[in-house]
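**Student:**
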Amino acid sequence: MNKKYFIILIAPLLLSFSGCDKIKAMFAGKPQIAFAPAGEGYADKPDFAQLEYQYPIALKELDKVTPAYLSTLTQEQLDQLYARLTAGPIPNGPFDGSVVFSKGSSGKLRAAEILGGLKGLAAQFKGKKLEIAAETLWKGKVFYRDQHILRNRIEDLAALRPIIGQGDIPKIDVDSKDAWLLFPAKLYCGQSLIDSRRESIIIDYAFTDEIPGYRELPDFLAGRKGLKVRDEIRMVRPGLYLGRAYMDHVFVLNFILYNKQLADQGESDFLAGKTHEECWPGTQKRVNMAAG
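The working numbering numbers the first residue of the sequence shown as 12 and each following residue consecutively.
1) How is the alpha helix (DSSP H) around Tyr66 delimited, first residue to last?
2) Quick one, are the C-beta atoms of Ala190 and Glu221 less than 8 Å apart?
3) Assign Pro102 to one of two classes, buried (16 or more other C-beta atoms within 10 Å of its C-beta) or exposed (fewer than that).
4) Would you call Pro48 buried or exposed, if buried means 16 or more other Cβ atoms sit within 10 Å of its Cβ?
5) Just the Cα atoms here: how many angstroms apart are Glu278 and His287?
6) What are the boundary residues of the alpha helix (DSSP H) that Ser279 is part of?
7) Count the other CB atoms within 10 Å of the CB of Ser211; is the residue buried (16 or more) or exposed (fewer)?
8) For Asp107, write down the residues that DSSP places opposite it in a beta bridge.
9) Which residues in the same chain have their Cβ closer than 6 Å to the Cβ of Leu161, if we skip the five residues on either side of it in sequence?
10) For a test of the three-state rule: what should DSSP assign to Leu238, helix, strand or coil?
11) For Leu228, does the count of other Cβ atoms within 10 angstroms reach 16, so buried, or fall short, so exposed?
12) Under the DSSP definition of a beta bridge, which residues are partnered with Ala202?
13) Helix or strand or just coil, what does DSSP make of Leu58?
14) Which stretch, first to last residue, makes up the alpha helix (DSSP H) that contains Tyr93?
15) What residues in its chain sit with their C-beta under 7 Å from that of Tyr225, if we drop five residues either side in the sequence?
16) What does the alpha-carbon distance come out to for the pair Tyr252 and Ile244?
17) So which of Gly254, Gly52 and Gly108 has the shortest CA-CA distance to Leu148?
18) Check the DSSP bridge columns for Tyr257 and list the partner residues they point to.
19) Report, in whole angstroms, the separation of the C-beta atoms of Trp291 and Arg241, which I expect to be a contact under 8 Å.
20) Residues bridged to Asp215 by DSSP?
21) When the distance is taken between beta carbons, is Gly234 closer than 8 Å to Ala256?
22) Determine the contact status of Ala94 and Leu62, defining contact as a CB-CB distance below 8 Å.
23) Under three-state DSSP, which class holds Phe112?
24) Indicate the three-state DSSP secondary structure (helix, strand or coil) for Ile34 in the structure shown.
25) Measuring alpha carbon to alpha carbon, tell me which of Glu51, Thr97 and Leu81 ends up nearest Gly293.
26) Which same chain residues end up closer than 6 Å to Ser203 when comparing Cβ atoms and leaving out the 5 residues on each side of it in sequence?
27) For a cutoff of 8 Å on Cβ pairs, would you count Leu92 as touching chain C?
28) If you run the structure through DSSP and keep just helix, strand and coil, what is Ala22?
29) On the DSSP letters alone, give me the boundaries of the beta strand (DSSP E) that Leu161 sits inside.
30) Determine the DSSP secondary structure at Arg297, reduced to helix, strand or coil.
31) What is the DSSP secondary structure of Ala49, counted as helix, strand or coil?
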């Protein structure tokens, strides 16, 4: 049998049984998402309202977006994509996480520039690069929507032991892997620091010490006495969220959150335009969310 016809024949069968993002991407192709031209200076950046009007994104294209695709985008492209998203529903349960770093004006990682003066923290990590630390320590987040709180999943405590010492730390089982829960945060809808036209889901560490289960070490590092971390996220498609992390209101990195089960469950409603919004979606008509 001709190879081409064989692939066409088995494609529907593979898709119906797997539901796997990699298989779907193989046949669906790269998302057709256009980006506006932009320069380096602030005056050369596109207006988000005009961007959304001129470069709408069809639901079927957002449905093709994968974490791997997001990791290939430039910072300008990530900013433009984020501005054309709404918050969607506040997540619930565990999400896998990955970090996408952006470069600062000096050529260094922006997060490294901000952390440069925190000699105590740098010493605790013994000079380990921030990228490696993030990939080694942070594996995602667990949302407790009804409680309006969040905790971060840490799968390797070895690097943090000099800071936190011994003692019991709450754990969660995710895909048969233990993850320790640290760095709690409050969860609510609030104003985006990059796009004030509509709200984002805010992950706020400012008053982390008020959350049950708070540990002074290392949880204070993310709070108002430490790095003053504030995250915000918006939904790309069900189960997939694009996030932005700030330290003392300065943007430092992007992150991706993914839950495959929620992605599979919510796909049909998403493609039909039935997205539940828990945060204020703004007044501009969502032309980019029209099914196309």
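Every residue, glycine too, gets a C-beta built ideally from N, C-alpha and C.
**Tutor:** Considering the structure as presented:
1) Unbroken run through Tyr66: none, as it is neither H nor E.
2) no
3) With a 10 Å radius around the Cβ and a threshold of 16 neighbouring Cβ atoms, Pro102 comes out buried.
4) Answer is exposed; the Cβ neighbour count stays below 16.
5) 13 Å
6) Counting along the chain, Ser279 sits inside the alpha helix (DSSP H) bounded by residues Lys271 to Leu282.
7) buried
8) In the DSSP assignment, the residues bridged to Asp107 are Gly151 and Tyr269.
9) Lys152, Phe154, Ala196, Leu198 and Ile214
10) coil
11) When all chains shown are included, Leu228 counts as exposed.
12) Residue 202 is actually Gln in this sequence, not Ala. The partner list for Gln202 (beta bridge, DSSP) reads Glu210.
13) This sequence places Asp at residue 58; Leu is not what is there. Reduced to three states, the DSSP call for Asp58 is coil.
14) Gln86 to Ala94
15) Pro195 and Thr219
16) 6 Å
17) Gly108
18) Arg241 and Phe262
19) With 8 Å as the limit, Trp291 and Arg241 do not qualify as a contact, their Cβ atoms being about 18 Å apart.
20) Lys197 and Arg241
21) Cβ distance not < 8 Å, so Ala256 and Gly234 don't count as in contact.
22) yes
23) strand
24) Its pLDDT being 49, under 50, Ile34 is placed unreliably in this model, and the value from its coordinates should be taken loosely. In this structure, Ile34 counts as helix in the three-state DSSP scheme.
25) Thr97
26) Ser211 and Glu243
27) Judged by its chain identifiers, the structure shown contains no chain C, having just a single protein chain.
28) Residue placement at Ala22 is flagged as unreliable, the pLDDT there being 42, under the threshold of 50; a coordinate-derived value is accordingly withheld.
29) Ile160 to Ile165
30) coil
31) If DSSP states are grouped into helix, strand and coil, Ala49 belongs with coil.
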